[in-house]
């Protein structure tokens, strides 16, 4: 039932190894694909000699850009800018220049190593400074940009100017000004990306571990020139997504080749190739904030630079959408936010859990700490003093969604758990920070619910269950509305041929958007059953009342199963409901529409720091998230705590290192990149919620799943500063950086 | 194309099998591609993530680092071999109840590693559990739930309240 920790649907299959991920699906007669890439980011591609590869046993074909349709088809969720294979020049370390098709996986891999690619390495743009340098090489050929694009001769893909009031006329007693850096990190889902494509009648079928099968369906159809209905995407539950599996990678290439060769194709990336496929944008955020002596914010003057990769993917929206809320959850009378999304010779930057919001919180919350230190104010008090209250606007003048929660409660729960005012041992420090993220704005989710004659139900919902437990929550909602147990609900997902359109599984939107669609579909079923009861039992409909899984008649209740049996007779039948939830598109709005809700969270952390080595030990860590209503408390805690774990890694250890000359990624692979292990977790950890049933989703729910990492970095940085007196302004906060800061503080 | 010119004898989950392999094939590849047991997962393929953990003669190993020919004559236990015929083992069930399973891709390797730990260390402390599982990466961040699940089976902590 709603609000109880129902057992995870699919949990047993995952624990027993029976869960089938995309790499576990075998297609008969499939050819294996291996990609050929160069050991640098940017190179002019010369002649490609595939002679030796083609002579290797089992090799069927070696495909280069010249073998593909001309001009080279390009694809992307918004900008159709990514080629199937590199044309003339590689744009990032790992961009493939050829594909080998062979009878076995080993044969394809071995032959890929035999393909000789003459190439000339060229200087690469791999930092924000380089991307902004007018003398830097252009990542994108201006000929591929719109003729009237004023930025076409720069490495700026797009720019935005947000704000309200007049910053130049705003006054302040104190102005705090700093630049905050946040390194690019990679998703590192434990399941590497996998793709298959096969001819399917007069169309094509795709298998992919993808979060947005319907976007993929559209992109593949556009690449090949097929009607959308002739592309069927099977999306087995991804083994982790975190934003990295949102958009197409090599599916369009495989689709083109599978149709040409007439056989199924299979490509499972190595972990190194997976690292070379997805990353978060690199950020530099320059923030100038005005304060009155009492800590009140008077203005925010912000420049956000977000470095994308060579192709836009959805990275440009990560930068703009996050920057839209760069003032945080605070009352800011005057604001100016200049935003630049920059192209570079790095793998396409895309969504990564939090969608740029953690990086904004890193900046605006570090500013609050700097102000508190300078003004001699308590770090919690300065935040609560500026925190916007329910109904107030945080983005002014645009008609945006006002504050939709009692956010001070969230802060106070964290303050209480961490024991903010209690004394600390020597060498320990405590920090606290707030985070906010605009939820999904526009977009539709549709669901079809079929109540079968025996009272069980099939729910067709296009959400991806990538670990968050979407199946379980969807089943809980249907079960609640139809008055049955979740064990009688089957949720069908991961097949664009079976489940109706769902825009995407991201932005913590599924419980609110798909959950509402399922709820509405169930409401339609309930209405139909009441009508059926009125007709079958010849009663005026107005006298009948719905009650759980039954309809109340004057002589007693009839269950839905009884009503169906009495109506349909021995030939049977079923009752079908269709539900939808759409976010209105607002033309001209920077985000395309208003946030359905805000994810708001507070993190508090206690650390000890070894001042001789700079090593940080996390002692106690709490996240509090305003979730409206936890439909499944265990799932909420898992998501929230998991997000915090990812946030801790991004704060203390994770970064992709690009060689400034070659653009190579220097730390490909688990050992060199490093993420949290069982030995790195905080000694004591808690994940708490605030539940005021004030969200737009079913039963007052809001989305969650990203909340836990929105403010991890500034909370830990604040605790480190509390312990050591040094403020670090670049992520990750490595022991080296702390040690170096301590050394210069001593001097 | 490499030939499958060598024959190895392998006990897989108690069943004796003779399999033709090539010299460079790993145990992971043989289990997934030839024996058809896909519960064992491939992630890094270089022994850094633990997703492919199986038991080789009672010891937890990364099956991506073991050549199939090295396993000749050995007894291999995979996640499928730890699953009871009539349902989940107490350890697997504890994983699900504690919320230690999110995307699930690391779960089989994690369960096998935990099983090996509980087999070799009768009553592990929490520190020993954390140490024992530190070679298995979980990106969903269920480490606390995973360690609690193992600790429950080891008798260290109680089952979670529902």
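Chains as they are written, first to last, in the numbering used here: chain A, 1 to 747; chain B, 1 to 162.
Backbone N, C-alpha and C fix where the C-beta goes; we use that ideal spot for every residue, glycine too.
task = Give, in chain order, every residue of the stretch 103 to 124 of chain B whose Cβ lies closer than 8 angstroms to some Cβ of chain A.
result = 103, 104, 105, 106, 107, 108 and 111
ask   = Where do the ends of the alpha helix (DSSP H) carrying residue 18 of chain B lie?
value = Where residue 18 of chain B is concerned, there is no enclosing alpha helix (DSSP H), although the beta strand (DSSP E) it sits in stretches over 15 to 21.
task = Determine the DSSP secondary structure at residue 537 of chain A, reduced to helix, strand or coil.
result = coil
query = Beta-carbon separation of residue 650 of chain A and residue 713 of chain A under 8 angstroms?
reply = yes
key: Distance, residue 367 of chain A Cα to residue 404 of chain A Cα   = 24 angstroms
ask   = chain A partners of residue 141 of chain B, CB-CB under 8 angstroms?
value = 641, 642, 643, 644, 645, 646 and 676
message = Can you confirm whether the stretch 426 to 436 of chain A touches the stretch 592 to 611 of chain A when touching is taken to mean that 3 or more C-beta pairs between the two stretches lie within less than 8 angstroms?
response = yes
request  = May I ask you to list the residues that DSSP assigns as paired with residue 301 of chain A?
outcome  = A/288 and A/336
ask   = Is the CB of residue 350 of chain A under 8 angstroms away from at least one CB in chain B?
value = no
Chain B contact residues for residue 347 of chain A, given Cβ-Cβ distances below 7 angstroms = What residue 347 of chain A touches in chain B: nothing, since even the nearest Cβ is about 18 angstroms away.
query = For residue 618 of chain A, which of A/674, A/427 and A/317 has the nearest alpha-carbon?
reply = A/427
inquiry  = Our contact map puts residue 767 of chain A next to residue 307 of chain A with C-beta atoms below 8 angstroms; I'd like the distance itself, whole angstroms only.
reply    = Chain A is shown only over 1 to 747; residue 767 of chain A falls outside these bounds and no answer can be derived.
inquiry  = At the level of alpha carbons, what is the spacing between residue 771 of chain A and residue 396 of chain A?
reply    = This structure does not reach residue 771 of chain A, given that chain A is present from 1 up to 747, and the question cannot be answered.
request  = Would you mind reading off the limits of the beta strand (DSSP E) that contains residue 692 of chain A?
outcome  = Residue 692 of chain A -> no beta strand (DSSP E), and no H or E assigned at all.
ask   = Can you round the beta-carbon distance between residue 621 of chain A and residue 685 of chain A to whole angstroms, since I take them to be within the 8 angstroms contact cut?
value = 5 angstroms
Chain A contact for residue 27 of chain B (CB, 8 angstroms cutoff) = no
request  = Can you give me the start and stop residues for the beta strand (DSSP E) that residue 234 of chain A sits inside?
outcome  = 231 to 234
Other residues of its chain near residue 508 of chain A: CB distance less than 7 angstroms, five sequence neighbours each side excluded = 439, 599, 703, 704, 705 and 706
request  = Please list the partners that residue 681 of chain A has in chain B, where partner means a Cβ-to-Cβ separation under 7 angstroms.
outcome  = 143 and 144
message = Please state the DSSP three-state secondary structure of residue 748 of chain A.
response = Residue 748 of chain A is absent from the structure shown; chain A starts at 1 and stops at 747.
message = Can you check which of these residues, A/721, A/294, A/247 and A/222, is closest to residue 385 of chain A by C-alpha distance?
response = A/294
query = residue 692 of chain A: beta carbon under 7 angstroms from a heavy atom of the ligand FMN?
reply = With respect to the ligand FMN, the structure offers nothing, as it holds no ligand at all.
key: Cβ neighbours of residue 675 of chain A in the same chain (closer than 7 angstroms, five flanking residues each side left out)   = 188, 649 and 654
query = Starting from residue 418 of chain A and walking both ways along the alpha helix (DSSP H), at which residues does that stretch end?
reply = 407 to 418
message = Judging by CA-CA distance, which residue of A/487, A/468 and A/506 is the nearest neighbour of residue 458 of chain A?
response = A/487
query = DSSP state of residue 140 of chain A, grouped into three classes?
reply = coil
ask   = Measuring CB to CB, does residue 476 of chain A end up less than 8 angstroms from residue 104 of chain B?
value = no
query = Would you call the stretch 24 to 38 of chain B and the stretch 64 to 81 of chain B touching, i.e. three or more CB-CB distances under 8 angstroms?
reply = yes
key: Buried versus exposed, by CB contacts within 10 Å (16 or more), residue 679 of chain A   = exposed
query = What do you reckon, are the CB atoms on residue 663 of chain A and residue 178 of chain A nearer than 8 angstroms?
reply = no
task = Under 9 angstroms between beta-carbons, which chain A residues line up against residue 77 of chain B? List them in chain order, please.
result = Neighbours of residue 77 of chain B on chain A: none; closest Cβ ~12 angstroms, over 9 angstroms.
ask   = Does the count of Cβ pairs from the stretch 464 to 474 of chain A and the stretch 486 to 506 of chain A closer than 8 angstroms reach three?
value = yes
request  = Measure the CB-CB distance between residue 388 of chain A and residue 331 of chain A and report whether it falls below 8 angstroms.
outcome  = yes
query = So residue 723 of chain A packs on residue 608 of chain A, CB below 8 angstroms; how close in whole Å?
reply = 7 angstroms
inquiry  = Within 10 Å of its beta-carbon, does residue 71 of chain A have 16 or more other beta-carbons around it, so buried, or fewer, so exposed?
reply    = exposed
message = Report the CB separation of residue 27 of chain A from residue 348 of chain A in whole angstroms; it is logged as a contact under 8 angstroms.
response = About 27 angstroms; that fails the 8 angstroms criterion.
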